[in-house]
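> The opening position of the sequence shown corresponds to residue 3 in the working numbering, with each subsequent residue numbered one higher.
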Amino acid sequence: MFEFWLLASDSYSSMANDVLIIGGGFAGLAAGVALAEAGRAVRLLEQKPHLGGRARSFFDPVTGSKVDNGQHIFMGCYHATIRFLSTIGTLDRVRFQKQLTVHFLERTGRLSVLRCPSLPSPWHVLLGVLRSGSFAFKEKLEILRLGRSLQWVKALERGPERLSVREWLTKLGQSERLQRNFWDLLCIAALNEDPSVASAALFERVLRLALFTSPEDSRLGIPSVGLSEVYADAAAAYIRSKGGRVECRQGVASVLVSEGQCRGVRLSNGEQIEAEGVLSAVPPLQLASLLPGDLLRHEPFFAPVVSLRPAPIISINLWFDRAITDLDFVGLRGATIQWLFNKGKILGAGENYVSLVLSGAHRHIARSKEELLATALLELRELFPRAQKASLLHSQVIKERFATFSPTWEAEQLRPSPRTPVRGLYLAGDWTATGLPATIESAVQSGYNAARTIQDDRRNWSTTP
Ligand SMILES: Cc1cc2nc3c(=O)[nH]c(=O)nc-3n(C[C@H](O)[C@H](O)[C@H](O)COP(=O)(O)OP(=O)(O)OC[C@H]3O[C@@H](n4cnc5c(N)ncnc54)[C@H](O)[C@@H]3O)c2cc1C
């Protein structure tokens, strides 16, 4: 059975904590803000010298630019995230479009746009598609057919839950060309996985939430500052303003479990900290290293912790001596690189700096940085005439090997709820059971779900005779 930790109460740090949170990414910080708001004494422990986890920014010493670990896009349907940013006072640092507008550039140099007018759903998308030069007439009919089935047929009637996105789209009559030029780009951007393995049920949910709910929900939001400035410091300041603590360089080595109850944590420096509740807001593999071995081996609830597979994202940041495009961002059709973001323009820093995104990058992650850079430059020079004369001043290739979990339909069955079988131990993180792909919104929702569960349990215990 479980490995029990023998804990002498006097070995704990003298300060009794109400809730300990492990991890200072979106999930941990959102939970911390919600619990602090509810009057709980929160202590958040982050192992790194900085907060932000997989969504952070830093200064590039060569150019002095603010650089994100990878471009992050928000959406109007990120309701929990919008609430979180409003609470900490930073919502204005994400610039939302007035209406969904996406440009696509083909290898032939042809530029087209999908712009969805402010009409009630689903007409905003349907009219946007009909008016767009991004699709052939036959493809527009295919998209309308898919839209109609999303709008009028209940999700479970068609049973996409065991299908891949590729199988589902083919079943719904989407041609191979339309899949390659449109749906694949959308699927990889939203789910960070190839359509041949990504879960159709998850993709369908994303389409419903993002495209077929309202024109406001369909809008994209792009941070106008570095990612960390969007939330990390402001969330920490909020927690501290409510009397909580947020500490970096505080790695947790293990959670302490005895007799089926979580009592606190042991830090990497050996110190033990007691708490009424412990919330793990770390990715699954890190959680595996924190749990007692017997618990991980024998408690089925924790099986997903070692079963979820990672999906990588590669970001290539390039600084040129001149602007290569006036667009804010553009989807690249038929290229290895999927998206270009004009960071110099978006951040308003006066630099000719672009960030290229390659999501679901399993096939490319082992390639050398030099090779990836060469591919990117070749494609940019082919796609953007101005890039042919531009000189490259500086470059960076950032590989995030564990960017998200791989959202196959099997993985969807494995995602755990916030309440664990160990009393007092809770889970949050983009990979837990939110029904969303591993995104900022999933992380924030998971933090809120965990905070609510912790509050509910406390109320139940206090009313138990
Ligand atoms: C390159 C890239 C691009 C992305 N693009 C988008 C996008 O466009 N839109 C979108 O919505 N999402 C995007 N995502 C996904 C998004 O970043 C994540 O879903 C989200 O940041 C996950 O937050 P989290 O709090 O669940 O986990 P994390 O951010 O991983 O936070 C976990 C924290 O726990 C800390 N930790 C781990 N172990 C310990 C320990 N033992 N002790 C103390 N602390 C510990 C870690 O250091 C980390 O800070 C992208 C991700 C990447 C990598």
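For glycine and all other residues, C-beta sits at the position ideal for the given N, C-alpha and C. It should be emphasised that the depicted structure is a prediction, and the values quoted were computed from it without experimental measurement.
With the cut-off set at 9 Å, would you say PRO286 and ALA405 are in Cβ contact?
no
> In whole angstroms, give me the CA-to-CA distance for LEU158 and ALA435.
Confidence in LEU158 is poor, its pLDDT being 43 and thus under 50, which makes the residue's placement unreliable; the coordinate value appears in the next sentence. When rounded, the distance between both Cα atoms is 18 Å.
> Are there 16 or more other CB atoms within 10 angstroms of the CB of ARG299, so buried, or fewer, so exposed?
exposed
> At what residue ranges does the region 186-255 contain a whole run of the beta strand (DSSP E), taking only runs of 3 or more?
222-225, 247-249
> Is ASP235 near ligand 1 - that is, is its Cβ less than 8 Å away from at least one heavy atom of it?
In this structure, ligand 1 has no non-hydrogen atom nearer than 8 Å to the beta-carbon of ASP235.
> In terms of residues, what are the limits of the alpha helix (DSSP H) holding ASP296?
295-300
> Out of GLU278, HIS364, PHE303, ASN71, which has the shortest C-alpha to C-alpha gap to ARG311?
HIS364
> Quick check: is any heavy atom of ligand 1 less than 8 Å from the C-beta of VAL332?
No, the beta carbon of VAL332 sits no closer than 8 Å to any heavy atom of ligand 1.
> CA-CA distance, SER230 and GLU206?
31 Å
> First and last residue of the alpha helix (DSSP H) that includes GLN288?
286-292
> From LEU334 to ASN183, what does the alpha carbon distance come to, in whole angstroms?
9 Å
> Could you check how far apart the C-beta atoms of ALA290 and VAL308 are, in whole angstroms? I think they sit under 8 Å.
5 Å
> In this structure, how does DSSP classify VAL64 when only helix, strand and coil are distinguished?
coil
> One question on the structure: do TRP411 and SER260 come within less than 9 Å of each other, judged by their Cβ atoms?
no
> Under 8 Å from any heavy atom of ligand 3, does the C-beta of PHE60 make it?
In terms of ligand content, the structure shown lacks ligand 3 and carries ligand 1 instead.
> Using only CA atoms, which one of LYS50, GLY54, GLN181 lies nearest to GLY431?
GLY54
> Can you name the residues that DSSP bridges to GLN415?
For GLN415, which the question treats as bridged, DSSP gives no partner whatsoever.
> Do PHE139 and PHE86 have their beta-carbon atoms positioned less than 9 Å apart in this structure?
Not a contact, by the Cβ cut-off of 9 Å.
> What is the C-beta distance between LEU47 and GLY34, in whole angstroms, given that I count them as a contact (C-beta under 8 Å)?
Going by Cβ atoms, the distance from LEU47 to GLY34 rounds to 11 Å, so no, they are not a contact pair.
> Any idea if LYS347 is buried or exposed, counting beta-carbon neighbours within 10 angstroms, 16 or more meaning buried?
buried
> Taking the Cβ atom as the reference point for each residue, do PRO439 and VAL248 lie within a distance shorter than 9 Å?
no
> Go through its chain and collect everything with a Cβ distance to ALA378's Cβ below 6 Å, but skip five positions before and after it.
ILE318, ILE339, LEU358
> With three or more beta-carbon pairs closer than 8 Å as the criterion, would you say the region 233-245 touches the region 78-98?
yes
> Got a sec, what are the start and stop residues for the beta strand (DSSP E) ARG265 sits in?
263-269 is the extent of the beta strand (DSSP E) around ARG265.
> Using the three-state DSSP reduction, which class does GLN99 fall into: helix, strand or coil?
coil
> Can you tell me the Cα-Cα spacing of ALA40 and LEU281, whole angstroms?
16 Å
> For VAL104, list the residues DSSP reports as bridge partners.
LEU116
> From this set, SER59, GLY437, HIS74, which residue's C-alpha is nearest ARG417's C-alpha?
GLY437
> Skipping 5 residues on each side, what residues in its chain have a beta carbon closer than 6 Å to that of LEU37?
VAL21, VAL44, ALA453
> Using a 10 Å radius around the Cβ and a threshold of 16 neighbouring Cβ atoms, would you call PRO197 buried or exposed?
Buried: at least 16 other Cβ atoms inside 10 Å.
> Considering only the beta carbon of each residue, do LEU146 and VAL131 sit closer than 9 Å?
Yes, the pair counts as a contact, with Cβ atoms nearer than the cut-off.
> Label SER444 either buried or exposed according to how many other C-beta atoms from any shown protein chain fall within 10 Å of its C-beta, with 16 as the threshold for buried.
buried
> Distance, Cα to Cα, THR455 vs SER393?
54 Å
> Applying the criterion that 16 or more other CB atoms from any shown protein chain within 10 Å of the CB defines a buried residue, is GLU353 buried or exposed?
Buried, since its Cβ has 16 or more Cβ neighbours within 10 Å.
> When you compare only the Cα positions, how much space is there between LEU385 and LEU188?
20 Å
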